[in-house]
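Residue numbers (our numbering): 184 to 564. Even glycine gets a Cβ: it sits at the ideal position worked out from N, Cα and C. Notes to accompany the following structure.
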């Protein structure tokens, strides 16, 4: 049987799996979507501090405006506690959804997440995956959608699809010379800053300082506005969201905090890794766009809190790996295990340990290859 026929069979199987994954994800999203932070955004728009609520004993708002939200989750025996772990400058991005009833907002968010998925595929093809063979790109795209992480992203109403699409849009706009819109898109991408803050160092590497600086300034300005809106200090608007996030630190899947059980010293390691990435991005020679993107992506998934549903982005790590045949095979095995194997074993402890071993081995091997084989890091003016 020829290689072309095998590819077509594989694509047909993945297409069917992707369609089934979409169906299951949509069904779950219309029933759950519990991670969609409508409640936190609604509280914020009501001038209620969502961080104080999240840190309180009951972590709910009982105002009439929240009745539909609270009653719905109680009716499915899944009462929700508020977890406002986004900075207020980011939470304001969800304010348009608070004009809608929760069930309507949830359905709109589902449609948008499907559109964000399409945008991710389109923008990857326009940026980091533009040199991939057409069939390879199709296979990777279908694999991403067919995998459990993407399906769970859709089902729980997460925000990573939104943020990753915004980051890729920022890259694409920057490459087209539109610095202003790129900066705005980059600022929006920080909604899932645990993923996109490390990725934003790509702009430092490309010497796109204008886009990076404006994106940060936007959040400073919005944080100042948040102080006025909630009557809080600037420091509180930074510290309180981090307190909420720290309470979730040990609940990830493969990240450092999860591996260490939320140990406080893991935050130090996170800082060290971010500093190392900054130095690499600053010193790296030009011409290694894909390789750096892959490194930033792989590291971003371990340095801060991430549950397994965020690992759908692992499909986008291929551009920096594809030229290394042996590593490519191990990468494929790791992706398949995380995308499908964890689901088979219901993410039990042994399966998470196995996935962690594979992932950290992949990261270490790729980092060694990246630092030595390409000789990519050196002083650059």
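Integer-rounded CB distance, given that residue j should sit under 8 Å from residue i
i	j	result
residue 434	residue 492	The pair is not a contact, with the Cβ atoms about 12 Å apart (cut-off 8 Å).
residue 539	residue 437	5 Å
residue 467	residue 388	6 Å
residue 209	residue 293	6 Å
residue 397	residue 366	4 Å
residue 348	residue 382	Incorrect: roughly 12 Å between the Cβ atoms, too far for contact.
residue 369	residue 345	With a Cβ gap of about 13 Å, residue 369 and residue 345 do not count as contacting.
residue 484	residue 494	6 Å
residue 486	residue 439	6 Å
residue 340	residue 212	6 Å
residue 543	residue 424	With a Cβ gap of about 28 Å, residue 543 and residue 424 do not count as contacting.
Host alpha helix (DSSP H) of residue i (start-end)
i	result
residue 512	508-519
residue 481	472-486
residue 298	285-309
residue 545	532-555
residue 496	No alpha helix (DSSP H) holds residue 496; DSSP gives it neither H nor E.
residue 439	439-442
residue 423	417-429
residue 504	501-504
residue 271	271-274
Among the options, the one whose alpha carbon lies nearest that of residue i
i	options	result
residue 328	406, 301, 341, 485	301
residue 236	266, 254, 408, 207	266
residue 524	513, 514, 537, 442	537
residue 553	510, 307, 200	510
residue 372	446, 274, 513	274
residue 256	347, 202, 385, 219	219
residue 298	337, 474, 254, 215	337
residue 271	459, 260, 408, 379	408
residue 282	228, 470, 240, 316	228
residue 262	232, 243, 450	243
residue 350	376, 339, 501	376
residue 223	213, 543, 246, 400	246
residue 548	526, 521, 529, 503	503
residue 571	211, 324, 306, 331	Only positions 184 to 564 of the chain appear in this structure, which leaves residue 571 out of reach.
residue 477	198, 310, 191	310
residue 254	285, 455, 550	285
residue 249	240, 238, 239, 231	231
residue 320	194, 413, 550, 443	194
residue 214	192, 259, 187, 240	259
residue 288	217, 355, 514, 315	217
residue 567	480, 333, 241	The displayed coordinates of the chain run from 184 to 564. Any statement about residue 567 would go beyond what the structure contains.
residue 480	343, 412, 534, 430	343
residue 474	555, 269, 411	555
residue 200	318, 279, 505, 322	322
residue 421	402, 430, 197, 431	402
residue 460	412, 550, 496, 417	550
residue 318	391, 189, 225	189
residue 394	414, 430, 419, 356	356
residue 430	268, 380, 451, 399	268
residue 303	354, 264, 280, 360	354
residue 545	507, 280, 314	507
residue 374	358, 392, 405	405
residue 278	226, 312, 315, 251	226
residue 205	291, 325, 233	325
residue 498	315, 418, 238, 186	315
Heavy atom of the ligand SAH within 7 Å of residue i beta-carbon
i	result
residue 554	The ligand content of the structure shown is nil, which means the ligand SAH is not present either.
**OP:** Please list the segments of the beta strand (DSSP E) lying wholly inside the segment 316-395, counting only runs of 3 or more residues, in order along the chain.
**Re:** Those beta strand (DSSP E) runs which fall completely within the segment 316-395 and span 3+ residues do not exist here.
Subject >> Unbroken stretches of the alpha helix (DSSP H), 4 residues or longer, contained in the segment 206-267 >> reply: 221-228, 233-238, 250-258
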